[in-house]
Amino acid sequence: MNRREFAEYFGIPYRTVQEWELGHREMPGYLLRLMYYHEKTKEKEQLLPKMQSEDGKISIVRDVDGKNIVIINDIRFRGKRKIKWDEVEKYLREYVKKYYEIEAYSDKIYIGKDFPDEFAHSRDSEKLSGANAKAKANAAQAIGELIRTATNKSMSEDHENKHGTRAQNGWYRYDVRFGIPVYDQNEDLERYNIYTAKMLVRHDADGKLYLYDIIRTKKETSTPSGLL
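Here it is, written out as structure tokens:
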């Protein structure tokens, strides 16, 4: 495996690998453990990138328990004090009219015009602060991957027909899990913080499932082995 293949395999920018070799950056410990774990368990195909975006910014890996984690390798929305949710909404409009399929259930989830505004300006987003707000905002980069890896499907009715025809057939909730990079004072990758959230989907009168929001973003108390 050459340098470029190594970078593509682990979802790492090629330039970063070059900087490690030149000594400009130090390879983070989590990656060494990931490589070691890979060698010990490669026959079981665990903790390996299942899918990677063309630009290398998003990848999907499995932890030691075989559970998917969507790894977001780029921080697009920083916001030192407060997230600029209007920018997040504008970015999310790129998804409108697209759809993605949940691998576990073969459910097709469509992105409607209401999603960008709801995601960025819902009560859930207004209540978030600090790292959790930053995590939700940057999860906007991985909507397709989060949909594909969603699990633990549950259904509920639209009580009192609150949302009319938009949720005439009820609501679905799924669990999603993703990682956000943490950098040290020198802007070197230190680790990934792992977050869980609920993906809220409305079942429209037209029979289709539409992504409505991603709510209850919360940092896990521990980091999965291999991502420290």
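Counting from 945, one number per residue, gives the positions in the sequence shown under our numbering. Note that the Cβ used here is the ideal one computed from N, Cα and C, for glycine as well. Since this is a predicted model, take the numbers as computed values, not measurements.
Could you check which residue in the options has the C-alpha nearest to that of residue i?
i: M1174; options: E1062, A1094 and A1086; result: With the chain covering 945 to 1172 only, the question about residue 1174 has no answer from this structure.
i: G1108; options: L1090, E1070, H1147 and Y1116; result: H1147
i: G1056; options: V1145, T1161 and Q962; result: V1145
i: W1029; options: N1113, K1163, R1160 and E1062; result: E1062
i: R1037; options: G1023, Q962 and D1058; result: D1058
i: A1086; options: S1100, V961 and I1004; result: I1004
i: R1110; options: G1151, S1100, N1130 and R1006; result: G1151
Rounded to the nearest angstrom, what separates residue i and residue j at their Cα positions?
i: N1017; j: I1002; result: 6 Å
i: S1073; j: A1079; result: 10 Å
i: S1187; j: D1119; result: Only positions 945 to 1172 of the chain appear in this structure, which leaves residue 1187 out of reach.
i: D1132; j: R969; result: 7 Å
i: K1042; j: W964; result: 38 Å
i: F1021; j: D1068; result: 17 Å
i: V1040; j: H1065; result: 17 Å
i: K988; j: K1071; result: With a pLDDT of 41 at K988, under the threshold of 50, the predicted position of this residue should be treated as unreliable, and no value is reported.
i: I1091; j: D1051; result: 9 Å
i: L966; j: R959; result: 11 Å
i: N1113; j: K1162; result: 28 Å
i: P1060; j: K1106; result: 20 Å
i: V961; j: R1160; result: 35 Å
i: S1100; j: R1006; result: 29 Å
Could you name the residues of the same chain whose beta carbon sits closer than 6 Å to that of residue i, not counting the 5 residues immediately before and after it, in chain order?
i: G923; result: Residue 923 lies beyond the stretch modelled for the chain, which goes from 945 to 1172, so this question has no answer here.
i: L992; result: Only weak support exists for where L992 lies, its pLDDT of 45 falling under 50; the value from the coordinates is given anyway. Cβ neighbours of L992 beyond the five flanking positions: none.
With a CB to CB cut of under 7 Å and the five nearest residues on each side skipped, what residues in its chain are close to residue i?
i: E1134; result: P972, V1126, Y1127 and D1128
i: N1096; result: Y1118 and D1119
i: N1130; result: none
Does the beta-carbon of residue i have 16 or more other beta-carbons within 10 angstroms, so that it is buried, or is it exposed?
i: H1103; result: exposed
i: V1032; result: buried
i: N1082; result: buried
i: A1149; result: exposed
i: V1008; result: exposed
i: Y1049; result: exposed
i: R1025; result: exposed
i: L1155; result: buried
i: R948; result: exposed
i: T1165; result: exposed
Taking 8 Å as the threshold (C-beta atoms), are residue j and residue i in contact?
i: Y1035; j: A1084; result: yes
i: G1088; j: Y1044; result: yes
i: I1053; j: L1153; result: yes
i: I1027; j: A1077; result: yes
i: R1121; j: T1140; result: yes
Going along the chain, which residues of its own chain have a beta-carbon closer than 8 Å to the beta-carbon of residue i, five neighbours each way excluded?
i: E1047; result: R1092 and T1093
i: G1023; result: A1077, K1078 and A1081
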